[in-house]
Amino acid sequence: MSTQITETPLAVEALETLEAPALNSLDILESEAIHIIREVVAEFERPALLFSGGKDSVLMLHLATKAFWPGKVPFPVLHVDTGHNFPEVIEFRDRTVERLGLRLEVGSVQHFIDSGELAERADGTRNPLQTVPLLDAIARNRFDAVFGGGRRDEDKARAKERILSLRDEFGQWDPRNQRPELWNLYNGRHTVGQHVRAFPISNWTELDVWRYIARENIELPGLYYAHEREVFERDGMWRAVGEVSKPRPTEEVVLKQVRYRTVGDMSCTGAVASDATTVHDVVREVAASTLTERGATRADDRISEAAMEDRKKDGYF
Amino acid sequence: MSTITEAPLAQSTLFRFATAGSVDDGKSTLVGRLLHDSKAILADTLDAVTRTSADRGFGGENGSTQKIDLALLTDGLRAEREQGITIDVAYRYFATDRRSFILADCPGHVQYTKNTVTGASTADAVVVLIDARKGVLEQTRRHLSVLRLLRVPNVLVAVNKIDLVDFREDIFRAIETDLHKVAAEIGLSDVVVVPVSALEGDNVVEPSTHTPWYTGPSLLDILETLPSTDELERGLEPFRFPVQLVVRPQGALAPELADADDAGSSFRDYRAYAGQVASGSVSVGDDITVLPSGRTATVAGIDFAGRSLDRAVAPQSVSLRLSEEIDIARGDVIAQTGTFGEVRQDLYAELCWLSTKPLREGSKVLIKHGSKTVQGLIRAVTGKLDLESFAYEAASGLELNDIGTAQIRLASALPVETYALHRRTGAFLVIDPQDGNTLAAGLVRDHPGDHEDERYSI
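Those protein sequence lines, which keep their order, are chains W and V.
So in our numbering, the last spot in the first sequence is 317, and the numbers never skip.
So in our numbering, the last spot in the second sequence is 1458, and the numbers never skip.
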């Protein structure tokens, strides 16, 4: 015998609430990022997305394709090429841009060095040299909003940056003069010469990024996964042997199973010893990791504690 | 941390909270303790902090149990250290097996109103700190008043430095009684009070053996189990959906769709309205009304990146297809039919003034509400809130960190609602038309009285 249940409107509503699809943290972060991407596209004349082929920018592009489905991504991508990139990452970049039918703008550090507008640094690192070509490309293309894949968990300067970050006519960030960001109402108003950097994945952590890449089955350049490579040890990191990254006589070259956690300038990006060959291995590895992402693999952030703060003020990403 | 696997992570929810406290309440230490004990501080950061702590005399032979200066974990930018200032809100991240946390770390001193308003606007909970030796201060009252005004769903008070009063229950109980009295005066219900020592870790992550008289959960346990704002209000608030964009690709289809011949033609007439569900939920077949036009239609489909959904809830970003081709543009709000009153061209609102440029009657401003920005005229400032007494006094303008009420005339009508009942559609920004800066956080009120929100005080 079944019990008689009267469906009062209140009971129905309570039931519906219970049955509401449970949104997990990735669903909420994804919806927040898509909301921000759509806001920027709606309110700015000429947005562009910084795209290096690195995992955060690949993730950003994936979110953009979801935001405008079934339409195509309605803005070009911009890459500041240090000339020291891993060839497989450049190949991946070009393939992705073609697959999505996007326009690629490239700002070339090499071009600025060749013309004498930038000088090669004594340590050979080109990451800090990206600022000038970046600002040049923004001015040349009259971009008024530039999407970046920066996350607040990366660094304490980023921890204080807004999701929409206003830059002056010199591309500078003024941490003391930021607009309060309230609710989900973003104020992107700017005057001529100013532009806005937009960071839709500000609230994601490295682990969130990897979990999302696994969940969405997003393709990344192969060097994010464990592979055999000729490397040598410098400053406690494994460096790849390549054109711009040569071992000193005292540094022994070994064949090692490694992967990269960030893919920047070959001359300053280190690999970590790893046997994580699949995205699920990487998620487990990142979850258990005891080193922050930048500390483990970016030599330029080790130079000084305030390295990122200085670069950001000068107009860096 | 080492026990983390993917299975529980897939179920983990997101929870945003903010901290508020006066100077020297130990807020930096508490935040450092939460990050440290939840193992969010990774080895290289901890190494750097341990070195600096040793330089400053921590971890010596003087019997100090504390090896590191926890406050260093939240140390700010070099610009801040050099100038002895704190630059507003810093965001920090940590996770447990059950939840991912976003912590808005708001500095306590100067500009506390600006920072508390900013942090509280997105917070599912706010943790207010009190020094057990000092008890409830004027600033505590002010903090609680701001939280009441912004309707933060969960307010926690951490009575810190309980070790410095020898873990005495009578002191804690006296503070707890004071707090409940203040909360009742202000109209805050359900304030949770926890005795903690951020320095020693008592009741922060693990329950303390030093406070046997406190049987409640630790601070982190509470944060892990409180409902988020959306979870709490999803079933209470009606469906609201500010339209961000009209998705109408026509020729500009995503290449993989354009290449598939059949699909390409089926998307030729695709038209949907993209946005984020601001409150409530929507299902296919629901009757909707477009605001401010008042036109009606039925929801024909809910799309999310190639997937069709039966239902969407706040805060999902989706696209809605409608049964009728009606004129809808960015800035319009799609609402559940029969749940909305009237669009308004005259606003009565609470303004939290966040700019050094003062508010004067007769100022022309921009009002950003949902996805729409319109011009506005400040017709009158009608009062200023005394945060200690929670009463209004006469005023004709507002300065930085003031909270007051004003009448605003809009250039065109907006579908605003009372903040007390509709958090998203009751909130707006006041923007300076000259330099584009954000001047104030606005909360729509009913004129002249206000609905008391008693939904949580059952």
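We treat Cβ as the ideally placed atom computed from N, Cα and C, and that holds for glycine.
Roughly how many whole angstroms lie between the Cα atoms of residue i and residue j?
i	j	result
Leu1347/V	Val1365/V	13 Å
Val241/W	Val272/W	14 Å
Leu1468/V	Ser1363/V	What the structure shows of chain V is the stretch from 1001 to 1458, and residue 1468/V is not part of that stretch, so it cannot be assessed.
Leu1253/V	Phe1267/V	8 Å
Lys1161/V	Leu1199/V	7 Å
Ala1120/V	Arg1271/V	37 Å
Ile1004/V	Leu59/W	Reliability fails at Ile1004/V, whose pLDDT of 43 lies under 50, so the model's placement of it is uncertain and no value is given.
Asp1024/V	Pro1107/V	11 Å
Ile1302/V	Gln1316/V	11 Å
Phe92/W	Glu243/W	19 Å
Arg1016/V	Ser1228/V	8 Å
Val1470/V	Lys1357/V	The structure shown has nothing for residue 1470/V, since chain V only spans 1001 to 1458.
Ser1064/V	Ala1335/V	Summary for Ser1064/V: the model assigns pLDDT 45, below 50, so the residue's position carries little reliability; its value from the coordinates is reported in the next sentence. Ser1064/V and Ala1335/V: Cα-Cα distance of roughly 60 Å.
Ile1288/V	Asp1097/V	39 Å
Ser1053/V	Arg1092/V	21 Å
Asp1472/V	Phe232/W	Residue 1472/V is absent from the model: chain V starts at 1001 and stops at 1458.
Pro87/W	Glu252/W	24 Å
Asp198/W	Pro74/W	For the record, residue 198/W in the displayed sequence is Ala; it is not Asp. Rounded to whole angstroms, Ala198/W to Pro74/W spans 16 Å at the Cα level.
Ala11/W	Gln1139/V	Confidence at Ala11/W is low in this model, with a pLDDT of 43, below 50, so its placement is unreliable and the value that follows should be read with caution. For Ala11/W and Gln1139/V, the distance between alpha carbons rounds to 43 Å.
Ser1038/V	Ala139/W	44 Å
Arg234/W	Pro247/W	9 Å
Pro70/W	Pro76/W	17 Å
Glu161/W	Ile36/W	15 Å
Thr1296/V	Gly1338/V	10 Å
Thr1225/V	Thr250/W	56 Å
Glu32/W	Glu216/W	17 Å
Leu1149/V	Ser25/W	27 Å
Name the DSSP beta bridge partners of residue i, please?
i	result
Lys1368/V	Thr1373/V and Leu1429/V
Gln1336/V	Ile1288/V
Lys1027/V	Paired residues: none, contrary to the question.
Phe1094/V	Phe1101/V
Arg167/W	His195/W
Val380/W	Within the shown structure, residues of chain W are numbered from 1 to 317, placing residue 380/W beyond reach of any answer.
His1422/V	Looking at the DSSP assignment, His1422/V forms no beta bridge with any residue, so it has no partner.
Phe1015/V	Phe1101/V
Could you tell me which of the options sits nearest to residue i, measuring between CA atoms?
i	options	result
Val1247/V	Ala67/W, Arg234/W and Ile36/W	Ala67/W
Ser57/W	Val97/W, Gln194/W, Ser31/W and Glu120/W	Val97/W
Gly1331/V	Pro1292/V, Arg1344/V and Pro1358/V	Pro1292/V
Val1282/V	Lys1372/V, Val1313/V, Ser1265/V and Leu1410/V	Val1313/V
Phe147/W	Glu117/W, Gly188/W, Leu100/W and Phe112/W	Gly188/W
Ile1431/V	Thr278/W, Arg179/W, Glu120/W and Gln110/W	Arg179/W
Ala991/V	Ala1391/V, Gly1383/V and Ser1053/V	Because chain V is modelled from 1001 through 1458, residue 991/V falls outside the range shown and cannot be assessed.
Ala1420/V	Gly1021/V, Thr1113/V and Leu1147/V	Leu1147/V
Val263/W	Glu285/W, Gly236/W, Tyr225/W and Leu134/W	Tyr225/W
Lys72/W	Val80/W, Leu63/W and Phe44/W	Leu63/W
Val1243/V	Ser1053/V, Val1284/V, Thr1339/V and Thr1425/V	Thr1425/V
Ala1440/V	Cys1352/V, Lys1134/V and Leu1034/V	Cys1352/V
Ala992/V	Glu1324/V, Ile1408/V, Glu1388/V and Ile1186/V	Residue 992/V is absent from the model: chain V starts at 1001 and stops at 1458.
Thr277/W	Gln257/W, Ser267/W, His84/W and Gly270/W	Gln257/W
Leu207/W	Ala22/W, Tyr186/W, His195/W and Arg152/W	Arg152/W
Glu43/W	Leu1385/V, Thr1373/V and Asp1124/V	Thr1373/V
Looking at the ligand ZN, does it come within less than 8 Å of residue i, judged from the CB to the closest heavy atom?
i	result
Lys256/W	Ligands are entirely absent from the displayed structure, and the ligand ZN is therefore not among its contents.
Under 8 Å (Cβ pairs) to chain V, residues found in the stretch 168–194 of chain W: For the stretch 168–194 of chain W, which is checked against every Cβ of chain V, the residues closer than 8 Å are Pro175, Arg176, Gln178, Arg179, Pro180, Glu181, Leu182, Trp183, Asn184, Leu185, Asn187, Arg189, His190 and Thr191.
In chain order, each alpha helix (DSSP H) run of at least 4 residues that lies wholly inside the stretch 109–161 of chain W: You should have 109–114 and 131–140.
Contained alpha helix (DSSP H) runs [length at least 4] in the stretch 1233–1306 of chain V, N- to C-terminal order: Counting only runs of 4 or more, we get 1255–1259 and 1261–1266.
Segments of 3+ residues assigned as beta strand (DSSP E) that fall wholly inside the stretch 213–255 of chain W: If we require 3 residues or more, the beta strand (DSSP E) runs fully inside the stretch 213–255 of chain W come out as 227–234 and 237–240.
Proximal residues, the stretch 1236–1249 of chain V versus chain W, C-beta separation under 7 Å: Listed by position, the residues of the stretch 1236–1249 of chain V near chain W (Cβ gap below 7 Å) are Gln1244, Leu1245, Val1247 and Pro1249.
The stretch 1101–1127 of chain V: positions lying closer than 9 Å to chain W by Cβ: Going along the stretch 1101–1127 of chain V in chain order, one finds Ile1102, Asp1105, Lys1114, Asn1115, Val1117, Thr1118, Ser1121 and Thr1122 with a Cβ nearer than 9 Å to chain W.
Contacting positions in the stretch 245–259 of chain W - beta carbon closer than 9 Å to chain V: Contact residues of the stretch 245–259 of chain W toward chain V are absent (C-beta to C-beta distance below 9 Å).
Within 9 Å of chain V by C-beta, residues of the stretch 65–90 of chain W in sequence order: Those would be Thr65, Lys66, Ala67, Phe68, Trp69, Pro70, Gly71, Lys72, Val73 and Pro74, in chain order.
Ordered list of beta strand (DSSP E) runs contained in the stretch 1151–1177 of chain V, each at least 3 residues: If we require 3 residues or more, the beta strand (DSSP E) runs fully inside the stretch 1151–1177 of chain V come out as 1154–1160.
Proximal residues, the stretch 201–219 of chain W versus chain V, C-beta separation under 9 Å: Cβ contacts with chain V come from Ser202, Asn203, Trp204, Thr205, Leu207, Asp208, Arg211, Ala214 and Arg215.
Near-chain W residues of the stretch 1256–1279 of chain V (beta-carbon distance less than 7 Å), N- to C-terminal order: The stretch 1256–1279 of chain V vs chain W, Cβ under 7 Å: Leu1257, Phe1267, Tyr1270, Ala1274 and Gln1276.
Length at least 4, wholly inside the stretch 46–99 of chain W: the alpha helix (DSSP H) runs in chain order: DSSP assignment within the stretch 46–99 of chain W yields the following whole alpha helix (DSSP H) runs of 4 residues or more, N-terminal first: 55–68 and 87–99.
The stretch 134–156 of chain W: positions lying closer than 7 Å to chain V by Cβ: Hits within the stretch, in order: Arg152, Asp153 and Lys156.
Cβ-based contacts, 8 Å cut-off: residues of the stretch 29–40 of chain W near chain V: Going along the stretch 29–40 of chain W in chain order, one finds Leu29, Glu30, Ser31, Glu32, Ile34, His35, Arg38 and Glu39 with a Cβ nearer than 8 Å to chain V.
The stretch 1087–1098 of chain V: positions lying closer than 8 Å to chain W by Cβ: The stretch 1087–1098 of chain V vs chain W, Cβ under 8 Å: Ile1087, Asp1088, Val1089, Ala1090, Tyr1091, Arg1092, Tyr1093 and Ala1095.
Residues of the stretch 1339–1355 of chain V with Cβ closer than 8 Å to any Cβ of chain W, in chain order: The stretch 1339–1355 of chain V vs chain W, Cβ under 8 Å: Leu1354.
Contacting positions in the stretch 1427–1445 of chain V - beta carbon closer than 8 Å to chain W: Sequence-ordered contacts of the stretch 1427–1445 of chain V with chain W read Ala1427, Phe1428, Leu1429, Ile1431, Asp1435, Gly1436, Asn1437, Thr1438 and Ala1441 [C-beta pairs closer than 8 Å].
Where the stretch 1294–1310 of chain V meets chain W: residues whose CB sits under 8 Å from a CB there: If the cut-off is 8 Å between Cβ atoms, the stretch 1294–1310 of chain V has Asp1303, Phe1304, Ala1305 and Gly1306 near chain W.
Chain V contacts made by the stretch 101–118 of chain W, where a contact means CB separation under 7 Å: Taking 7 Å as the Cβ-Cβ cut-off against chain V, the residues of the stretch 101–118 of chain W that qualify are Gly101.
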